[in-house]
Structures are given as C-alpha cells and as structure tokens.
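In this note's numbering, the protein residues as written are 25 to 241. All residues carry an ideal CB built from backbone N, CA and C; glycine is no exception. Note that the structure is a prediction, hence the values are computed from the model and not measured.
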C-alpha cells in the first residue's frame, strides 16, 4: 500500500497550488463568487493580504494559519463533491455517517496541507488565462499559470455554479487533478480495509499531524 507516499506527494502538489493562488496581483477586495475567474483572483488577494498583515502566520503559527485557511478559503470549496469524487464509486456504498466522517477527515487533511504552504509564499506571480465559458455554463475550468524562477507551472481550477455562487471542487497542478490522484490510494485502502479503514487512515494521519504541531508549540 502506498498511502503514505501518496499523502506526501499530494502535500507537495497542494502546497504549490496554494502558493500560486496566493500570488495574484490585483486590488484587495472581498471574494466575489459571481464569476469564476473573479473568485479565484479576489480570494487569492484577500488571503495574501491577511498573511502579509500577520507576523504570527508568517512565522508558522499553525493554529492561526488553519484559522485563516478555514475562514477565507474553505467556504469557497465544495467539499462534499470533492470528497465524493476522491472516494469514487465507493461513495455511494458509504452510509450517511461514513460520508460525513470521510468529508470531515478529508477536509482536515487538506486544511493542514494548505496551511503548511502559506509559510512558503515568496515572490511568485500568477497569470489568469482567458476564460473559455458561456454565460449559461454551470461548470467551468479557470486556467492559470505560476510564474517565478524556473519554468511556468500549470495550475487550473474546476468550479461549479450552485444557486448563483461559484464553488471550487477540484485543482489541477502540472496536469494532475487532485481528486483523481486521491481516488487511486483511497480505492486501495478501501479494497484492503473497507470504508472504515480509510476513515481510520485519514483520522490517524490527521492526529499524527496535530500531535506533531503540538509538540513544536
């Protein structure tokens, strides 16, 4: 089973995604979910301004970082759809309680991953590619490109429109969609130990991360 290696790989990819997303250059304002590209731009700026204004976050205060990510970024992510996509065909086999636990543990894992990336914000910039979408579309891909030292890095977002509001439900770094990559290791874990086994793996991973953070405090 390669679950541990998979977690490390996704942590690096998600870290790159957040660093890029936090580097947009535009006037700071509240995130506006009325247009998908506007949401990505404004959400990134709002979070970046908060990082720059808080020296504790810059120094790596995990609790403050988690609080920032949870309040600024996560409300714009459809975690139920993201989790269901990552779990794949097994999602429908899970009970409502198992679905809730999977979603909660997956969210905790991603929040901590994003939080760790916030301390890495440097001088990267990002360019938004022209949005190819029609006004009636309810699902779009916002394509961006990280620019800094080295070759540009592809960073794309899948968003869906629900009740007039755009929500992120997947992220693509260097051609790899987040949900697709988690689906492989999740399927292996479920195949070996069932849905409860996956829940336990995620919970253990999150508890270990929390314990390590507490020991450093």
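Of the residues assessed, residue 96 falls on the buried side of the cut-off, its CB having 16 or more other CB atoms within 10 angstroms. Residue 77 is not a Cβ neighbour of residue 92, given a cutoff of 7 Å.
Between residue 190 and residue 60, the C-beta spacing is below 7 Å. CA-to-CA, the gap between residue 66 and residue 216 works out to about 42 Å. Fully enclosed beta strand (DSSP E) runs of no fewer than 3 residues are not present anywhere in the segment 67-109.
The beta-carbon separation of residue 165 and residue 182, rounded to 6 Å, stays under the 8 Å limit for a contact. Annotated three-state conformation of residue 65 is helix, per DSSP. In the three-state DSSP reduction, residue 155 falls in the coil class, being neither helix nor strand. In its chain, beyond the 5 residues on either side, 223, 226, 227, 230 have a beta carbon closer than 7 Å to the beta carbon of residue 129. By the beta-carbon neighbour count (other beta carbons within 10 angstroms, threshold 16), residue 113 is exposed. Rounded to the nearest whole angstrom, the C-alpha separation of residue 154 and residue 172 is 20 Å.
Take the alpha-carbon of residue 213 and the one of residue 180: they are about 28 Å apart.
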